Amino acid sequence: MSRASVESLPTPRVNPFQGSTHAEFFSTHAELEKRNAAIITSPVGWRCNSREKLCLLSDTSELRHAQFTPSDINNYLSWRAAPRQSFEKSFVFHRQRPEAYLVRPLASYSRKMFLNEEDPGGRQFQYNWIDGVESLEKYRPGGFHPIMIGDVLRGRYRIIDKLGFGGYSTVWLALDTCLHRYIAVKVGTANSPMQETKILRALSNPGHDSIPTPLDEFKLNGPNGTHPCYTMIPARCDLREVSFSRLFPLEVTRALSGSLILAIAYIHSRGYVHGDIHLRNILVKLPSGFNHLSVEELYEEYGEPEIVSITRCDGKPLLLNTPSKAVLPLYLGKGAEEFSLSDTHILLSDFGEAFAPDLETRYGKDCHTPLAMQPPEARFEPEAPLSYSADIWSLAIAIWEILGMQPIFCNACVTADEIVSQQIDVLGPLPSDWWMRWQERSQFFDSNGNPKEGRYVWPGIEMAFEDTVQKYRRKRGCEFDTEETTAIIDLMRRMLVFRPEERLTIQEVLQSEWVVKWALPQLKRDSQTV
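Quick look at the structure:
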């Protein structure tokens, strides 16, 4: 089946924005806005939520709520207001399983942003926007290297498809024509340092295969500069992609969490902080049989690459430093409910923010973890060094999301101050010096520290676990029992402590009741099934 042909997909599941250009996007958006909050088709419906976002609700029979409330925003939306490239990435449409993407938000401010043809930095946009691809404005000197399907890198790596992209790299599926196996090629922006591969090589250990090992390193010279590249084994998908589809089985959540905890424990034992733990950086390994597929069989199984022509806003010809076609990322994963213990072998990726606290000082102000996963000391102690405890905070948030497929802190178009108010609602008061340092506290709390009347108050951690995890698991008959729930919440409380020096260490996490009685035993059973 060709991914380029939407006719091959069930018509009601087609995303009207997929591959759309700038003008087409807003024409479609305007038409949908006219329908207001009505569900206009079934099983796919469109509604506007209470924060005026337009959301695609795919397969409404599986929706967890009939109406949107502030709590629903936390339940469904797992992205935050961000520059244009992040907005584009949040709207990626599932090329093989569109039903897995239950919700994709559209920021109400996006029309103004795009119609002005200007990015937050004040530059004019050069290219018509294409949904689901990297920021095309980064195809410039110092930016991305233009790559097309069929290109051969380093004389041996033939580009088969695109796996993904980030702010500083694109990642491609390639066939190693020398070793006749599939590999992932990560191509960095021009002149960026090779820091990540140095750390990966330092962490390389056959006994800890949750850390990807660079297979080859090289540089590409192109019209935008010299680009650092490295290859590694390809992954099936990241957990953020999977989180838009139903729920993991209980045994899978435990094994995934245990695997992630062990990976962080190993990194910390080697003197490194990962610095960017979230579900997009937690990858699931491919089954061993993937390498047995020929390119033709791979295309037959997953579809041929889906490409869209790139055009300039001014209608002029493309420059040589820009590819003529954009490629939508390939999805090799499956729905969360289809995961078994054999699928819980993770790869922890993206070590671009990693550092060794004993050798390098990384200040809170330099923390680039996504806002809702960012440790609070990055905000309130910007001149203080970060350490291993920063990973513990982000690890807790990642585990919570694995358990219920929803974040503990809503990150849907919220500001840093809104995140702080949520954290206080859920976890309790800030340290007194942080509270006095927080200049915007009067927007959310009165002089006695109580939530202001009229604003939504997020539930405390016990009720948050009930609302975001247990409620939906109970409907499917797969909730955590009382004993395990108590152990999970106790662990979360001790990891999500505001003061970094008061948080559990990773060794204490490993010794916690939930990890000892549930996560690690499930992981051992996982290894016995392989």
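In this text, residue positions in the sequence shown follow UniProt numbering: the first is 1, and each later residue adds one. C-beta: ideal position from N, C-alpha, C; glycine also. Remember, predicted model here, so these are calculated numbers, not experimental data.
If we call anything under 8 Å between Cβ atoms a contact, is residue i one with residue j?
i	j	result
arginine 246	glycine 335	yes
methionine 373	isoleucine 399	no
phenylalanine 355	tyrosine 272	yes
valine 414	tryptophan 458	no
alanine 416	arginine 474	no
histidine 227	phenylalanine 351	no
valine 133	leucine 341	no
glutamine 522	glutamate 251	yes
phenylalanine 498	proline 376	yes
isoleucine 310	leucine 136	yes
proline 212	isoleucine 233	yes
isoleucine 149	proline 305	yes
isoleucine 489	alanine 265	no
isoleucine 160	leucine 298	yes
serine 394	histidine 208	no
asparagine 191	glycine 225	yes
glutamine 320	proline 223	What sits at residue 320 in the sequence shown is leucine, not glutamine. Yes.
tyrosine 139	threonine 253	no
arginine 503	serine 389	yes
valine 171	leucine 179	no
tyrosine 127	arginine 312	yes
leucine 496	serine 512	no
tyrosine 331	glutamate 241	yes
threonine 361	proline 382	no
leucine 347	alanine 235	yes
proline 249	cysteine 478	yes
aspartate 176	tyrosine 157	yes
Can you tell me where the beta strand (DSSP E) holding residue i begins and where it ends?
i	result
histidine 227	225-232
arginine 499	No beta strand (DSSP E) holds arginine 499; DSSP gives it neither H nor E.
lysine 198	Lysine 198 -> not in any beta strand (DSSP E); alpha helix (DSSP H) instead, spanning 195-203.
isoleucine 424	Element bounds for isoleucine 424: not the beta strand (DSSP E) but the alpha helix (DSSP H), 416-427.
tyrosine 363	Run containing tyrosine 363: none; DSSP gives neither H nor E here.
alanine 190	Taken as a continuous stretch (DSSP letters only), alanine 190 belongs to no beta strand (DSSP E), as it is neither H nor E.
Using a Cβ-Cβ distance under 8 Å, would residue i count as near chain D?
i	result
threonine 170	Protein chains in the displayed structure number just one, and chain D is not present.
Which of the three DSSP states is assigned to residue i in this structure?
i	result
phenylalanine 26	Since pLDDT at phenylalanine 26 reaches only 39, below the 50 mark, its modelled position is unreliable, and the value read off the structure follows with that caveat. Three-state result, phenylalanine 26: helix.
tryptophan 172	strand
leucine 430	coil
glutamate 217	strand
valine 515	helix
arginine 158	strand
glycine 222	strand
arginine 455	coil
arginine 258	The residue asked about is misnamed: residue 258 is glycine in this sequence, not arginine. Of the three classes helix, strand and coil, the one that applies to glycine 258 here is helix, per DSSP.
aspartate 481	coil
proline 385	strand
glutamine 126	coil
tyrosine 472	helix
aspartate 358	coil
aspartate 59	Reliability of the predicted coordinates at aspartate 59 is poor, the pLDDT of 33 falling under 50, and the value obtained from them is presented with this limitation in mind. In this structure, aspartate 59 counts as coil in the three-state DSSP scheme.
arginine 236	strand
phenylalanine 445	strand
isoleucine 183	strand
leucine 247	coil
valine 133	coil
asparagine 450	coil
glycine 166	coil
Go to residue i, then tell me how far its alpha helix (DSSP H) extends in each direction, as first and last residue.
i	result
isoleucine 506	506-510
glycine 404	388-404
leucine 347	Per DSSP, leucine 347 belongs to no alpha helix (DSSP H); it is in the beta strand (DSSP E), 346-348.
arginine 379	377-380
phenylalanine 465	461-465
Just to confirm, does residue i get its C-beta within under 7 Å of one of the non-hydrogen atoms of the ligand HEM?
i	result
leucine 203	This structure lacks the ligand HEM; in fact it carries no ligand of any kind.
- prompt: Does the region 199-207 touch the region 235-252, meaning 3 or more C-beta pairs lie closer than 8 Å?
  reply: Touching, no.
- prompt: Is the region 282-293 touching the region 422-438, taking contact as three or more C-beta pairs under 8 Å?
  reply: Output reads no: the region 422-438 does not touch the region 282-293.
task: Pick out the complete beta strand (DSSP E) segments inside the region 267-341, 3 residues or longer, and give them in chain order.
output: DSSP runs (the beta strand (DSSP E)) wholly in the region 267-341: 282-285, 307-309, 325-327.
message: With three or more C-beta pairs closer than 8 Å as the rule, is the region 464-482 touching the region 368-386?
response: Contact between the region 368-386 and the region 464-482 is absent, because fewer than three Cβ pairs lie under 8 Å.
query: Looking at C-beta atoms only, is the number of pairs between the region 138-147 and the region 186-195 that lie closer than 8 Å three or more?
result: By the Cβ test, the region 138-147 is in contact with the region 186-195, since at least three Cβ pairs between them sit closer than 8 Å.
- request: Mind the definition here: the region 250-260 touches the region 402-413 only if three or more C-beta pairs lie below 8 Å; say whether that holds.
  value: Touching, yes.
message: With a threshold of 8 Å, are at least 3 pairs of Cβ atoms found where one atom belongs to the region 285-304 and the other to the region 216-224?
response: Segments in contact, no.
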